[in-house]
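Trainee: In full-length UniProt numbering, the protein residues as written are 1 to 427.
In this text, a Cβ means the ideal position worked out from N, Cα and C, and glycines have one as well.
Here it is, the structure in full.
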Amino acid sequence: MDPTLLIGDIVERDSGDKKPVEFSDQPISSTGFPQHKRRWRSSAFKQQRAAEAAGQTPSARSQPQDRSEVNQSQNSTANMGFEDVEKKRIDHENRQKLASMSPAEIAQAQNDIMNGLNPALIQRLLQRATIDEPTGPSPFDPPPSETPQAPEPPPEIKIEDTSKTMASSATEDATQDAKSTKEPGSENKASPSPAVSTKKIADDYDEDQAPAQIPPDIFPITDLPKSVHFPAPPSLPDVDPSDPDFLATLHEKYFPNLPADPSKLAWMAPIPTQDSPADKDSSYYPHPEIAVSAFRFDFRGRFLSPRVSRSIPSSKGLHHHGEAPEAAGYTIAELARLARSAVPAQRCMAFQTLGRILYRLGNGEWGKTEDDPVAMGVWNSVKQGRVLQSLMEAAMGEGGHRGSRAYATEALWLFEKGGWKEKYKGR
């Protein structure tokens, strides 16, 4: 190992006397840096240039001619503020610069300024210079009056000590008002004179003291009101769900300022009574003939006739706000819409029910040949609702809800197991 890399012994040395910390007496600036010192006198180079321009020697220029003038300038500079001193210094430098320039140089500088600046800015500077310069009388000013006007005397305020009561002062004010109403033309003839306060106020007058005579428009409150009444609109009766005008009453009571849209509240309409005209207009009323697309199925995929569907209680969970809310069960079109729902639970229920319906269709519960209208009607409803496409997308999709993907895969397996695809392939 290199001996130069060895570390020697550490030796502690006694330090000398500690010097106390010294702080400068100069004021500390707000920025933490020393402040810039401005030189109020011009440098020797500037004095020399100014003296050469004025045709004088530097020595003659630097020496003051009169001691009194120097003292007077120093006193005026001490009395002026920083901004005034700076303005005066800049003005002095400008005048020296102009004095050292020839007329040709001044004209050349003016042309350079006119060509280099914005015309709008030059116009504004010229207007400002015109405003700053004192101007003579304008021809638009009104002619001065020949007769001098006497200055108006200042308003006089008289305060007198008196022991009169407020009733007497009120009487005097009333008499003055009566005089002023009797002579309306005197005010127009005379010039408005300054207001003079002639109201006499007693020394012991208390503003908080009750008046000796109560005005007629003010009456004392002897009995406080027991309750405070606020006007309120008439209250409407409670809404009865069994009322035929339930939707109209609901809108009038809770949403009177909003436009009525019965289509958005149709799902809240009460179920029509049995065998009523509204009940007979239902799509699943037990008519002699019913469209196959209106057939309803339970969760096991079994067909529900209209009479059986109407007899099932609502506790079974088959009732919903659909095209026929009084009938239990789901149509294939409703299940196809629920298969594309954003709620995973609705998709799982729709996939499971559709798979069982497809299995029963292939197993031949509703017909095994092309001449069976029920079987072909169910298959047409499946194709119109694009049920198989929805099942394929859910089963082959990556990510998402795993439960819905499992139910979609099971539905496709039931469809293959039922055998409908092999019997009517391509239809």
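Would you mind listing the alpha helix (DSSP H) stretches within the UniProt domain "RPAP1 C-terminal" (295-361) that are 4+ residues and don't spill past its ends, in chain order?
Mentor: Those alpha helix (DSSP H) runs which fall completely within the UniProt domain "RPAP1 C-terminal" (295-361) and span 4+ residues are 306-311, 332-338.
Trainee: Does DSSP put R89 in a helix, a strand or coil?
Mentor: Mapped onto the sequence shown, residue 89 falls at position 89. DSSP places R89 in helix when its eight states are reduced to three.
Trainee: Can you tell me the Cα-Cα spacing of S276 and D243, whole angstroms?
Mentor: The residue labelled residue 276 in the question sits at position 276 within the sequence shown. The residue labelled residue 243 in the question sits at position 243 within the sequence shown. So the alpha carbons of these two residues sit roughly 15 Å apart.
Trainee: Would you check if there are 3 or more beta carbon pairs closer than 8 Å linking the segment 367-383 to the segment 308-319?
Mentor: Because the criterion of three Cβ pairs below 8 Å is not met, the segment 367-383 and the segment 308-319 do not touch.
Trainee: Could you say which of M268, G419, L414, Y285 lies nearest to F351 if we only look at CA atoms?
Mentor: As a working mapping, residue 351 is identified with position 351 in the sequence shown. When each option's Cα is compared against that of F351, the closest is L414.
Trainee: Can you tell me whether A269 is helix, strand or coil according to DSSP?
Mentor: Numbered from its first residue, the sequence shown carries residue 269 at position 269. Here A269 sits in coil by DSSP.
Trainee: Mapping DSSP to helix, strand and coil, what is Y407?
Mentor: Indexing the sequence shown from 1 puts residue 407 at position 407. In this structure, Y407 counts as helix in the three-state DSSP scheme.
Trainee: Go through its chain and collect everything with a Cβ distance to E326's Cβ below 6 Å, but skip five positions before and after it.
Mentor: Stepping through the sequence shown from its first residue, residue 326 is reached at position 326. Counting only Cβ-Cβ distances below 6 Å, and skipping sequence neighbours, we find I271.
Trainee: Are the beta-carbon atoms belonging to S404 and R340 less than 8 Å from one another?
Mentor: In the sequence shown, residue 404 corresponds to position 404, counting from 1. In the sequence shown, residue 340 corresponds to position 340, counting from 1. No. Outside cutoff.
Trainee: Nearest CA to the CA of D238: which residue from M114, G400, A248?
Mentor: To locate residue 238, count along the sequence shown from 1; it is residue 238. It is A248 whose Cα lies nearest to the Cα of D238.
Trainee: Closer than 7 Å by C-beta to T409: which residues in its own chain qualify, once you throw out the five before and the five after it? Chain order, please.
Mentor: For the purposes of this step, residue 409 is identified with residue 409 of the sequence shown, where counting begins at 1. For T409, where only same-chain residues beyond five positions count, the Cβ hits under 7 Å are A395.
Trainee: Counting only the same chain and skipping the five closest in sequence on each side, list residues whose C-beta sits under 6 Å from that of K368.
Mentor: The residue you call residue 368 lines up with position 368 of the sequence shown. There are no such residues.
Trainee: What does the alpha-carbon distance come out to for the pair V83 and P20?
Mentor: As a first step, residue 83 is located in the sequence shown; it is residue number 83 there, counting from the start. As a first step, residue 20 is located in the sequence shown; it is residue number 20 there, counting from the start. Looking at the sequence shown, residue 83 is not Val but Glu. Approximately 42 Å, taken between the alpha carbons.
Trainee: Let me make sure I understand the geometry here. Which of S309, I290, P286 has the alpha-carbon closest to that of F297?
Mentor: As a first step, residue 297 must be located in the sequence shown, where it is residue number 297. If we check each option's Cα against that of F297, S309 comes out closest.
Trainee: Do P286 and R307 have their C-beta atoms within less than 8 Å of each other?
Mentor: As a position in the sequence shown, residue 286 is number 286, starting the count at 1. As a position in the sequence shown, residue 307 is number 307, starting the count at 1. Result yes, Cβ atoms of P286 and R307 sit closer than 8 Å.
Trainee: Along the alpha helix (DSSP H) that carries F246, what are the first and last residues, could you check?
Mentor: Numbered from its first residue, the sequence shown carries residue 246 at position 246. Taken as a continuous stretch (DSSP letters only), the alpha helix (DSSP H) holding F246 covers 246-254.
Trainee: In or out: V343 buried (at least 16 other Cβ within 10 Å) or exposed?
Mentor: The count along the sequence shown starts at 1 and reaches residue 343 at position 343. With fewer than 16 Cβ atoms within 10 Å of its Cβ, V343 is classed as exposed.
Trainee: W366: buried (16+ other C-beta within 10 angstroms of its C-beta) or exposed?
Mentor: Counting from one through the sequence shown, the residue named residue 366 turns up at place 366. Buried: at least 16 other Cβ atoms inside 10 Å.
Trainee: Is the beta carbon of L335 less than 8 Å from the beta carbon of L354?
Mentor: What you label residue 335 is simply residue 335 of the sequence shown in a count that begins at 1. What you label residue 354 is simply residue 354 of the sequence shown in a count that begins at 1. Going by C-beta atoms, L335 is nearer than 8 Å to L354.
Trainee: How is L236 classed by DSSP in three states: helix, strand or coil?
Mentor: As a first step, residue 236 is located in the sequence shown; it is residue number 236 there, counting from the start. The answer is coil: DSSP assigns L236 none of H, G, I, E or B.
Trainee: If contacts are defined as beta-carbon pairs under 8 Å, then L391 and A411 qualify, I think. What distance do you get, rounded to the angstrom?
Mentor: Numbered from 1 along the sequence shown, position 391 holds the residue referred to as residue 391. Numbered from 1 along the sequence shown, position 411 holds the residue referred to as residue 411. Indeed they touch by this definition, with Cβ atoms about 5 Å apart.
Trainee: Tell me which residues share the same chain as D372 and place their Cβ nearer than 7 Å to its Cβ, disregarding the 5 neighbours each side in the sequence.
Mentor: Position 372 of the sequence shown, counted from the first residue, corresponds to residue 372. Counting only Cβ-Cβ distances below 7 Å, and skipping sequence neighbours, we find W366.
Trainee: Output the distance between the C-alpha atoms of I90 and Q108, rounded to the nearest integer angstrom.
Mentor: Stepping through the sequence shown from its first residue, residue 90 is reached at position 90. Stepping through the sequence shown from its first residue, residue 108 is reached at position 108. Taking the straight line joining both Cα atoms gives about 22 Å.
Trainee: Ends of the alpha helix (DSSP H) at W379?
Mentor: Sequence index remark: in the sequence shown, residue 379 carries index 379 (1-based). Residues 373-384.
Trainee: Between P313, Y330, S282, S311, which lies nearest to F303 when the distance is taken from Cα to Cα?
Mentor: Position 303 of the sequence shown, counted from the start, is the residue given in the question as residue 303. Looking at the Cα atoms, Y330 is the closest of the given residues.
Trainee: Looking only at C-alpha atoms, which of M268, L121, L236 sits nearest to Y254?
Mentor: For this step, residue 254 is matched to residue 254 along the sequence shown. The shortest C-alpha separation from Y254 is found at L236.
Trainee: What residue range does the alpha helix (DSSP H) around A107 cover?
Mentor: Stepping through the sequence shown from its first residue, residue 107 is reached at position 107. Unbroken alpha helix (DSSP H) run through A107: 103-116.
Trainee: Can you name, in chain order, every residue of its own chain whose Cβ lies under 7 Å from the Cβ of S163, other than the five neighbours on each side?
Mentor: By 1-based counting over the sequence shown, the position of residue 163 is 163. For S163, the predicted structure reports a pLDDT of 49, less than 50, and the residue's modelled location is therefore unreliable. A value from the coordinates is still provided. The answer, listed in chain order, is A202.
Trainee: For W420, which residues of its own chain have a beta-carbon under 7 Å away from its beta-carbon, when the five flanking residues on both sides are left out?
Mentor: For the purposes of this step, residue 420 is taken as residue 420 along the sequence shown, with counting starting at 1. L358, L361, G362, listed in sequence order.
Trainee: Just how far apart, CA to CA, sit I290 and A328?
Mentor: Working through the sequence shown from its first residue, we reach residue 290 at position 290. Working through the sequence shown from its first residue, we reach residue 328 at position 328. Taking the straight line joining both Cα atoms gives about 16 Å.
Trainee: Using C-beta distances below 8 Å, list every residue in its chain close to K87, excluding the 5 sequence neighbours before and after it, in chain order.
Mentor: As a first step, residue 87 must be located in the sequence shown, where it is residue number 87. If we look at K87 and ignore the five residues flanking it on each side, it has no Cβ neighbours.
Trainee: Just the C-alpha distance for M268 and D245, rounded to the nearest angstrom, thanks.
Mentor: Translated into positions along the sequence shown, residue 268 becomes position 268. Translated into positions along the sequence shown, residue 245 becomes position 245. Using only the alpha carbons, I get a separation of about 12 Å.
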